Every structure is written in C-alpha cells, then in structure tokens.
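In this note's numbering, the protein residues as written are 38 to 436. Just below is one structure, and these are the notes that go with it.
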C-alpha cells in the first residue's frame, strides 16, 4: 500500500449535483478520503445550496449543472438526484468528459439503465453506482466463502429488507429529509424495491457471483393507509411492499421481500444456502455491529458459527491495508480513479442486473404471470425525465 504522501499526489477533484439528504452521506465520506476534494456543488435551490457549501467549505456553487460541467478542473461528478433524473444527468456528465458516480438506483427502469450502461462502456469514462452493501465486510467474507466452496453447491438465496412503518415522507417526515417527489411515479419510478431493495438484492447477487437471470414472478402492494395530514400536498404512487421469486441459471433460485410498511414484527434476514452449509446475513449499516452466521454439519451434528466484524475487521485491515480502499463505495471508486488499485467492482453491471430482476417483479405483477428475461428486456420502457422544469427555465435532456 502506498504511504499517505504518495496518495496525496493524485488528487481527484469532485463536483456534486444535488445537495439533498443523500449528498450529506456522500460528502462525509469524501471528507475522509485524503486525495478526494469536492470543489463544486449544484442545486436548483440557491438557499439550500449556500447552506450546504457553508457546512462543508465547498468553494463554488451553481444552480445550472451545465456551468459545473464546463469546468476542466473537475475530474468526476457525483449525481445525487431523484431516480428518474439519474440517467439524464449521468449521460450529461459522461458526455462532458467526466467520470460519473451516481446514487442508486441506476435508473427508473431497466431500459434506461441499459442505455446508460451501454453508453458508459463506449465513452472512455468510468461509471459507478452507489451500492453500499457490497463494501460491507459481511459481503466480502460471504462471497469468499461461496467462492471457496464452504457452502458447496448454492441452490437458493433470499433477499430481505424490512421496515415495519417507515415510508419516506409519510411515516418518516421532515422537509430536510424527503421531498414530495420521493413518492411519485414521475420522479421516483418505484418505491421500496428501488429505495432499499437495491442494496439487499445487489448484495446477494454479488455474493452469488452475479448469476444469469432466466425468469421472474412477483407482486407489489400499496395497501396500508397513511395519516391524511402526512399525505397533504403529496402523491403516493409507489409500492410499499415488493415480493418476487426469480429463477437463475443452473437451478439457482432467489426470493425477494422488500418492505417500507407491513403489519409484521419480524420477517427474518437475507441468506444463502448450499449443499454443505448456509449463511445468514443480518443487515447492519455499520461494520462494528455486523455479523455473519454460518451453519453446517460437523460430525453429523448441526453447527452454527458467528463471525463478528468489530475486532476481526481491525485485524484484517492490519494484515491487508488495501482493505481500507474497500471501506465504502466512494473510497473504492476514488482509489481506482487515482490508480491506487488496478481494478474495481463493476457496480454499474451489478446495478443493471439488480434493475433487471426488479423490473421483472413489476412486469409480472402487471401481467399477472411469470415473465422471462427476454420479455423483461423487450417490454421495459423508458421513464427518464427528458424535460425538467426549474425556477430558471426548462432543462432539455437529449438522449
């Protein structure tokens, strides 16, 4: 691993488009990366933009993203906008000759995500999608165990995301947290599956080695009422619960449950099972609280081991300092852009495959039957925003 003086030689200068809630998480991570410097930000709300810049000491601010993209001293741009603006803005960033880091989900539909992925592969710039669960030590060790054969032949997995009553903007409120667009089909596209399901599904697909999808069945629901006071002035047009069953190559199956709101106290954890053992993955955002549970047979007896990552991860990072580059999405991305690591996780491909199975759930629910991967790819439609009305006029996105 290069020493700190060497790391500082290759500074990556970043611009951020969108200063809403998620941008704070991104910014706090950049602040801990020695060779990353956020030099500009853009938001349509001048007051919010000024407060954001003052909070983080960012020198330049713009209400027109085109002015930010004109700067030749910016290496990469981080897109922190609503779902259906991800593809339009990410394409603008890549066309401007900047590397692009984009908040999840990749897009509002598989068709839009595929368009972005294909363009990124030809433009000579890097595209990364925010999939934070991939960088949990829990995910890394689980993937190593699957790859090393500790589970034998893996034949089934489960992706679970549970919130009992936490619909953004309805049960979790506050103008600083969630804007009304978070719940609309126009801007968000979908709800629970796109909000948190992206993390859980992509984590399982990563551990499984991103298998090839064959067919999907599923259903989505919006059934639980909300307080009229919370709904005032808002449209609630997206799902609060998504359920799916996917069949992959070689007989591998995956069931999915993602909830923003459900009248149930516990629906369990994500897991992966094989012929020799199984892994349970309780979901925790901080690695100090994470565990990975391994079940198998020893001398014919059922056995369970718990791998904890508080002390273990400190030891692991002492042995392999390169693990510091995997502490989160932004650290991994900046390390790759600055040449500190030779390769990176292809988060764009993984995000695209996550979009594919998610779109299958929506399409299956709409048609009332199982759908094949060919049908999903053929029937997915673009819902990206092409004309955005702003206080300063309309932005036209051409793609």
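Cβ atoms here follow ideal geometry from the backbone N, Cα and C, with glycine treated the same way. This one's a predicted model, so the numbers in the text were calculated from it and none came from an experiment.
Going by beta carbon distance, what residues of the same chain come within less than 6 Å of residue i, once the five residues before and after it are set aside?
i: residue 409; result: 252
i: residue 149; result: 124, 419, 421
i: residue 147; result: 392, 393, 396, 417
i: residue 195; result: 292, 307, 308
i: residue 261; result: 298
i: residue 190; result: 311, 312
i: residue 372; result: 362, 378
i: residue 52; result: 77, 105, 111, 114
i: residue 193; result: 290, 310
Exposed or buried, which one is residue i when buried takes at least 16 other CB atoms within 10 Å?
i: residue 142; result: buried
i: residue 435; result: exposed
i: residue 336; result: exposed
i: residue 42; result: A caution first: residue 42 carries a pLDDT of 47, below 50, which makes its placement in the model unreliable, though a value can still be read off. Exposed, since its Cβ has fewer than 16 Cβ neighbours within 10 Å.
i: residue 442; result: No answer is possible for residue 442: it lies beyond the span of the chain, which begins at 38 and ends at 436.
i: residue 266; result: exposed
i: residue 185; result: exposed
i: residue 451; result: What is shown of the chain runs 38 to 436, which leaves residue 451 out entirely.
i: residue 92; result: exposed
i: residue 109; result: exposed
i: residue 302; result: exposed
i: residue 60; result: buried
i: residue 406; result: exposed
i: residue 415; result: exposed
i: residue 367; result: buried
i: residue 379; result: exposed
i: residue 404; result: exposed
i: residue 390; result: buried
i: residue 113; result: buried
i: residue 411; result: exposed
i: residue 120; result: buried
i: residue 231; result: buried
i: residue 264; result: exposed
i: residue 429; result: exposed
i: residue 174; result: buried
i: residue 424; result: exposed
i: residue 287; result: exposed
i: residue 375; result: buried
i: residue 246; result: exposed
Might you give, ordered along the chain, the residues of its own chain that have their beta carbon closer than 7 Å to the beta carbon of residue i, omitting 5 neighbours on each side?
i: residue 199; result: 296, 304
i: residue 156; result: 128, 131
i: residue 315; result: 188, 308, 309, 332
i: residue 284; result: 251, 252, 290
i: residue 271; result: 206, 217, 220
i: residue 354; result: 360, 361
i: residue 133; result: 106
i: residue 85; result: 56
Bridge partners of residue i, per DSSP?
i: residue 78; result: 53, 98
i: residue 284; result: 252, 290
i: residue 328; result: 345
i: residue 166; result: 139
i: residue 425; result: 432
i: residue 296; result: 278
i: residue 197; result: 294
i: residue 240; result: Answer by DSSP bridge pairing: none, since residue 240 is not bridged.
i: residue 316; result: 309, 331
i: residue 265; result: None; residue 265 has no bridge partner.
i: residue 408; result: 253
i: residue 73; result: 49
i: residue 338; result: 335
i: residue 258; result: 278
i: residue 191; result: 311
i: residue 59; result: For residue 59, which the question treats as bridged, DSSP gives no partner whatsoever.
i: residue 358; result: Note: residue 358 sits in no beta bridge, so no partner.
i: residue 209; result: 205
Excluding five sequence neighbours on each side, which residues of the same chain lie with their C-beta closer than 8 Å to the C-beta of residue i?
i: residue 402; result: 255, 256, 257
i: residue 340; result: 332, 333, 334
Any heavy atom of the ligand HEM within a distance shorter than 8 Å of the CB on residue i?
i: residue 359; result: The ligand HEM is absent from the structure shown, which contains no ligand whatsoever.
Ranges of the alpha helix (DSSP H) found wholly within the region 81-154, counting only runs of at least 4:
83-93, 102-106, 120-132
Assess, as a yes-or-no matter, whether the region 325-336 is touched by the region 168-186 under the definition of 3 or more beta carbon pairs within less than 8 Å.
yes
I want to know whether the region 348-363 touches the region 104-121 - three or more CB-CB distances under 8 Å.
no
Between the region 265-282 and the region 216-234, can you find at least three pairs of beta-carbon atoms closer than 8 Å?
Result yes; three or more Cβ-Cβ pairs closer than 8 Å.
Would the region 86-102 and the region 336-354 be scored as touching if the rule is three or more Cβ pairs under 8 Å?
Verdict: no, contact absent.
Segment contact, 8 Å Cβ cut-off, at least three pairs: the region 159-174 with the region 196-210:
no
For the structure I just gave you, are there three or more beta carbon pairs, one from the region 376-396 and one from the region 134-153, closer than 8 Å?
yes
Evaluate contact between the region 268-277 and the region 240-249, counting only Cβ atoms and requiring at least three cross-stretch pairs below 8 Å.
The way I'd put it, the region 268-277 doesn't touch the region 240-249; fewer than three beta-carbon pairs between them come closer than 8 Å.
Minimum length 4: unbroken alpha helix (DSSP H) runs contained in the region 358-382:
If only complete runs of 4 or more residues are kept, the region 358-382 shows the alpha helix (DSSP H) at 366-374, in order along the chain.
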